[in-house]
Amino acid sequence: MNLIVIKYCLLIGAILTSTAVVTGPLNPLNIFSDPKNGELAADSIYQFGSDVFYKEINKSGNEFMQNSVEGYSQALIPTDNMEEKFRDQWSKGVNLFLAGYQNSTGAFFELSGVPQMTSTKEKMAVCTKFQTSREEMLQSLDYFTSAKASATPGSSQGFSIGMVIPRIRQISSETEDAEITCMQAVLADQENNPEAFSQYFKETDSHIREIQRIFPELEVVSDDFKS
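So for the sequence shown, numbering that gives the first Met the number 0 puts the first residue at 0; every next one is plus one.
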């Protein structure tokens, strides 16, 4: 891919738009103008840059760049409607994820008390909380994916969502593993095998520690993840 062409297309839109604002209809570049009023149409220029950008990216050999912009809006400049939708989907995603995160860490502390519980239903309910928390995280990913579709790759919003999604996927995967080892621990307890229970409890602890290791990375990306 000719990166010079891409950079030029991104830059020329900003330059021409700025020039249009300063000089108005007398700009000699009015070949891009709206014929009705002779003024430079900024939206048309940015659309031109966007079209060229994605045309270059879609060429064979640019798979890395294709992956880097996958799932984003193909508009180079976000509209007010895009930004409004981004904020809405982002907010819903954050709230659901935080609920899932808190449920998963809370379930782990309850797992330690399983040997003292007398009801099988009560013991299994602990592992069900891991399942519920993972479902909440997966639902939050749907919102974040929708938010990504309303963001442009080069914006601060695009950067944030690009950092958040893979980390939430990691945390969701660790939560699923924690659910599995939780069930194994409960079964070991049912079989009166304290050594096996201890082993599976430690494995669950390992998954929770990994979740807690990743979570601060989200707090760095956005204050919205800070409690």
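Heads up, the beta-carbon is just placed ideally off N, CA and C, and yes, glycines get one too.
Shown here for Gly99: same chain residues with a beta carbon closer than 6 Å to its own, the five before and five after excluded, namely Ser132, Glu135 and Met136 in chain order.
Per DSSP, reduced to three states, the secondary structure at Leu97 is helical.
By the neighbour-count criterion, in which 16 or more other beta carbons inside 10 Å mark a residue as buried, Asn80 falls on the exposed side.
Annotated as distal: Ala146 and Phe129, with beta-carbon spacing of 9 Å or more.
Under the three-pair Cβ rule at 8 Å, the segment 116-127 does not count as touching the segment 147-154. Per the Cβ contact rule, the segment 179-198 is not in contact with the segment 210-220 (fewer than 3 Cβ pairs under 8 Å). By the beta-carbon neighbour count (other beta carbons within 10 angstroms, threshold 16), Gln88 is buried. Out of Val163, Thr174 and Thr127, the CA that lies nearest to the CA of Asp222 is found in Val163. Restricting attention to Phe224, Phe158 and Thr104, the CA atom closest to the CA of Ala177 is found in Thr104. In the three-state scheme derived from DSSP, where H, G and I count as helix and E and B as strand, Met162 is classed as helix. With fewer than 16 other CB atoms across the displayed protein chains lying within 10 angstroms of its CB, Asp141 is exposed. The DSSP-derived three-state label of Gly153 is coil. With at least 16 other beta carbons inside 10 angstroms of its own, Thr174 counts as buried. Your pair Phe214 and Ser149 does not check out as a contact, with CB atoms roughly 25 Å apart and the cut at 8 Å. Residue environment for Asn191: exposed (fewer than 16 other C-beta atoms within 10 angstroms of its C-beta). Cβ-Cβ distances below 8 Å link Gly157 to Tyr71, Lys147, Ala150 and Thr151 in the same chain, with the five nearest sequence neighbours on each side left out; the list follows chain order. Judged by DSSP in its simplified three-state form, Gly92 adopts helix. Within the same chain, Asp223 come within 6 Å of Val93 by CB-CB distance, once the 5 residues on both sides are set aside.
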